[in-house]
Amino acid sequence: MSFSSIVGHERPVRVLRRALASGRVPHAYLFWGPDGVGKERVAGAAAGALLCTDPGALERAEGCGACPACRKLDAGDHPDLHRLVPDGASIPVDAVRRLQEALAYRSFERGRKVAIIRDGFRMTREAANALLKTLEEPPGGTHIFLLARHRSQLLPTLVSRCQSLRFDPLAHDQVLAVLRDLGAPPEQAAALAGASGGCPGVVWGEDPGVVLDRVQEAEDLVARWDDLAAAERFEWAGRWAGSRDDLAHRLDCLEHALQRRMRRTAGTGRPDERTLDRLDAITRVRRWLDRNVNVQLALDALFLDAAGREWEDLTCDP
Ligand SMILES: [Zn+2]
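Each residue of the sequence shown is one higher than the one before, counting from 508 in the working numbering.
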C-alpha cells in the first residue's frame with residue numbers, strides 16, 4: 508500500500524506526507540472517521556514509508572516497493588509492523604500488553620516499529636490505560652496509529668497524546684474508483700458505491716443484491732417510521748436483533764437513509780428534529796452494542812424512538 512494508490516483523503520495524506528518528508532513524524536496518530544472509509548489503508552501507506560529500507564523513502568514519503576522490507580509489507584509479514592484488532596467486541600488489556608512487549612524489542616530492520624490499532628474505541632478501560640503508558644513514554648522509533656470512528660469514543664488523555672486526523676466519507680466517484688481498484692466488476696461497483704455512504708470498506712466483499720436490499724429496507728423504514736404501530740416497531744427490532752451479523756451494516760444503511768432525508772428536507776427551512784434524534788439514537792445504540800448491552804433491548808429502544816440519554820443512564824456503566 509502506498510500513498511499514490513490512495514483515493515481521496517487529500518488532507519490527511521498531505522499532513523502525513525509532509526511529516527514524513529520532514530523526518531519529524533509524531534509517535535502517535537489518531538485517525539478518526541466512519542468505518543470502512545479507508546483509515547487503515549492510509550495507516551498502511553504511512554507504515555510503508557516508515558519501514559522501507561531505501562534511504563530516500565522518508566524524503567519521498569513513499570516506500571520504494573522493491574526492497575526486502577517493502578516486499579514483506581506487501582506479503583503482510585513484516586516483523587516490525589504490528590496490527591492490533593479487536594477480539595470479538597473488545598480489545599483486552601492482554602492484547603495491549605503483548606503489543607507493548609513487541610514494541611519494546613529491538614526492531615528487525617532499520618530501527619522503526621509501527622503499530623496499527625483498529626477500532627481503538629473497543630479497548631477496555633484497562634487496555635486504554637495500559638496504552639496510555641506507551642503514549643506517555645513511547646519506545647524510540649515507535650509510531651502508533653490509533654483508528655476509531657470518533658474521538659469522543661476514546662479517553663481524552665489518549666486523544667491528547669495523539670495527532671488527530673479526520674477522515675471524511677469519499678465522493679461517489681472516489682468510492683467507484685476504490686471498488687474498481689479492488690477488482691469489483693463495473694456494474695456491481697456502481698450498485699455498491701451507491702450503497703456505501705462514502706465508505707468503500709462497508710460494502711466491499713458484500714453481495715450487491717444483499718446490499719441493495721438493505722438500502723431499500725432502510726429507505727422504506729425511514730419513509731414509514733412515523734406511522735408504524737408499536738407492534739410493528741417491535742417486529743422490526745426483533746428481525747434486526749435476530750441477524751446479529753448484518754446488524755452493523757443495517758445500522759450503517761439506516762444512518763445513510765436518514766442523512767439523505769436530512770439533505771432532502773434541508774431546503775424547507777424547518778429543522779427535521781425527529782430525524783436528527785434518530786441519527787443521535789443510532790450513534791448511541793452502536794455505543795451500547797460495543798459495550799455488550801442486550802441487543803434486543805437496544806433495538807427496541809431505537810425503533811420505539813426511546814433510545815435517549817435517560818435510557819443510557821439506566822442501563823450502562825458511567
Ligand atoms: Zn522499500
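Glycine included, C-beta positions come from ideal geometry on N, C-alpha and C. Remember, predicted model here, so these are calculated numbers, not experimental data.
| query | Rounded to whole angstroms, how far is the Cβ of residue 678 from the Cβ of residue 686, which I believe are closer than 8 Å? | reply | Not really, about 13 Å apart at Cβ, beyond 8 Å.
| Cβ-Cβ distance between residue 728 and residue 710 below 9 Å | For the pair residue 728 and residue 710, the CB atoms are not nearer than the 9 Å cut-off.
| Supposed contact pair residue 537 and residue 666 - C-beta distance, whole angstroms, cut 8 Å | With a beta-carbon spacing of about 6 Å, residue 666 and residue 537 fall inside the 8 Å limit used to define contacts.
| Counted within 10 angstroms of its Cβ, other Cβ atoms place residue 521 as buried (16 or more) or exposed | Residue 521 counts as exposed, since fewer than 16 other beta carbons sit within 10 angstroms of its beta carbon.
| task | Could you tell me if the beta carbon of residue 572 falls within a distance shorter than 8 Å of some heavy atom in ligand 1? | result | yes
| Cβ-heavy atom distance between residue 561 and ligand 1 below 8 Å? | yes
| said: Check this for me: beta carbons of residue 602 and residue 588, under 9 Å apart or not? | reply: no
| said: DSSP three-state label for residue 655, please. | reply: strand
| message | Quick check on the DSSP output: what are the complete beta strand (DSSP E) runs of length 3 or more inside the region 639–700, in order along the chain? | response | 649–655 and 670–673
| message | I'd like to know whether the C-beta atoms of residue 768 and residue 790 end up nearer to each other than 9 Å. | response | no
| query | From what residue to what residue does the beta strand (DSSP E) around residue 621 run? | reply | 620–624
| request: Starting from the C-beta of residue 559, find all residues in its chain whose C-beta is less than 7 Å away, skip the five residues before and the five after it, and write them out in chain order. | output: 570, 571, 574, 576 and 577
| query | Residue range of the alpha helix (DSSP H) that residue 719 falls in? | reply | 715–731
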